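Position 60, counted from 1, in the sequence shown is what UniProt numbering calls 60; the numbers after and before it change by one each time, with no gaps.
In what follows, a structure is listed as structure tokens, so that the remarks can point back to it.
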Amino acid sequence: MNEKKLAFIGTGNMAYAIIQGLLKSGYPATQMIACNKSNLARREALQAVGIATHFANIEAVKQADVVVLAVKPQMMAEVCAEFAEVDFSAKWVISVAAGISVERLEALLPTAKNIIRTMPNTPSLIGEGMTGLFAKKSVNSTACEFAESLMSAVGKCYWVESEDKINQIIAITGSSPAYFFRFMEAMQQSAMQMGFSEQDARLLVQSAALGAAKLVVENPETPLSALRENVTSKGGTTAKALEVFEQANLQETVDKAMWAAIHRAEEMEQSL
């Protein structure tokens, strides 16, 4: 990755995960600036590894080649207003804020020519993320490559050709860790009703989930349906359990849930 001067505006958990991923990949701490106005412990942790910190966002932005906007979506307009005097025409802007469209960012930063929108998910915090990325065709290809390298520090990347697909990415990968957690939570509750302790129930459920996920990853050419069928003997226990899911219209429920997430993402874009 070309070692551009990076300014992180906001150093919440996602930004901090990206910073840690970059450091592990060998990106120089001296090429990063971080802005954090409230979290003293986070600021001290960044300084301890050689990253310069600023209270003033504008000072960091002025020094940067690449600006990573990692503030809460509801704070984006207020933060960008601080940069009214900054010429962004030669800078690259990478947003990791949910619900903020490229069009909205262009309105907030009118001199910015190269804006890349990203949508990471929470497994990025442990380097196992999936990030959706979008940029207009007019954006510098080198800027796009840099953004992909940046987000690859916390997992895998997937480019979408139209921005509306970002909201679908939110439903598929952004929100979906919670779907799996909820299903595991339900399994844990069932196990506890059978008499297992909370700790033992969790161990059993998470071991099954991890094993299933590894089977998926290690058999990329095998359809998910085939993996399911491999576990399912006709007339057996697994078949009986799956029959209950089908009777409860599992596929329809999943469809409704994912589209609800998409519609909410679209509503957020309109309101921010």
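Cβ coordinates follow ideal geometry from the N, Cα and C atoms, glycine included.
Note that the structure is a prediction, hence the values are computed from the model and not measured.
Mark residue i as exposed unless 16 or more other C-beta atoms lie within 10 angstroms of its C-beta, in which case mark it buried.
i, result
"Q250", "The sequence given here has Leu at residue 250, not Gln. L250 comes out exposed."
"Q188", "buried"
"A260", "exposed"
"G10", "buried"
"K51", "Position check: residue 51 holds Ile in this sequence, whereas Lys was assumed. Classification of I51: buried, given that the 10 Å Cβ count is 16 or more."
"M130", "buried"
"E91", "Just to set this straight, residue 91 is Lys in the shown sequence, not Glu. Buried."
"R182", "exposed"
Can residue i and residue j be called in contact, C-beta distance under 8 Å?
i, j, result
"S175", "V154", "no"
"K24", "A64", "no"
"N114", "V79", "no"
"M32", "F8", "yes"
"W100", "P73", "The question names Trp, yet the displayed sequence has Ile at residue 100. Yes, they are a contact pair."
"I94", "N167", "no"
"G132", "V160", "yes"
"M258", "A171", "yes"
"A112", "F134", "no"
"T118", "V96", "yes"
"F83", "V61", "yes"
"G206", "M184", "In the sequence as displayed, the identity of residue 206 is Gln instead of Gly. Cβ atoms of Q206 and M184: closer than 8 Å."
For residue i, collect the residues of the same chain with a Cβ closer than 8 Å to its Cβ; drop the 5 residues on either side in sequence, then sort them by chain order.
i, result
"N219", "L227"
"H232", "Contrary to the premise, residue 232 reads as Thr rather than His in this sequence. Excluding positions up to five away in sequence, the list reads T238, A239, L242."
"A81", "L108"
"L204", "A191, F196"
Can you give me the Cβ contacts of residue i inside the same chain, cut-off strictly under 7 Å, excluding the 5 residues immediately before and after it?
i, result
"G12", "A70"
"E3", "Y27, P28, Q31"
Just to confirm my understanding: we take residue i, look at its own chain, exclude 5 residues before and 5 after, and list those with CB closer than 6 Å. What are they?
i, result
"A17", "S124, L125, V154"
"A34", "F8, T11, L46, I51, T53"
Where DSSP assigns a beta bridge to residue i, which residues make up the other side?
i, result
"S152", "Answer is none; S152 lacks a bridge partner."
"M119", "G132"
"N114", "W92"
If residue i sits next to residue j, beta carbons under 8 Å apart, how far is it from one beta carbon to the other, in whole angstroms?
i, j, result
"A143", "I169", "With a Cβ gap of about 20 Å, A143 and I169 do not count as contacting."
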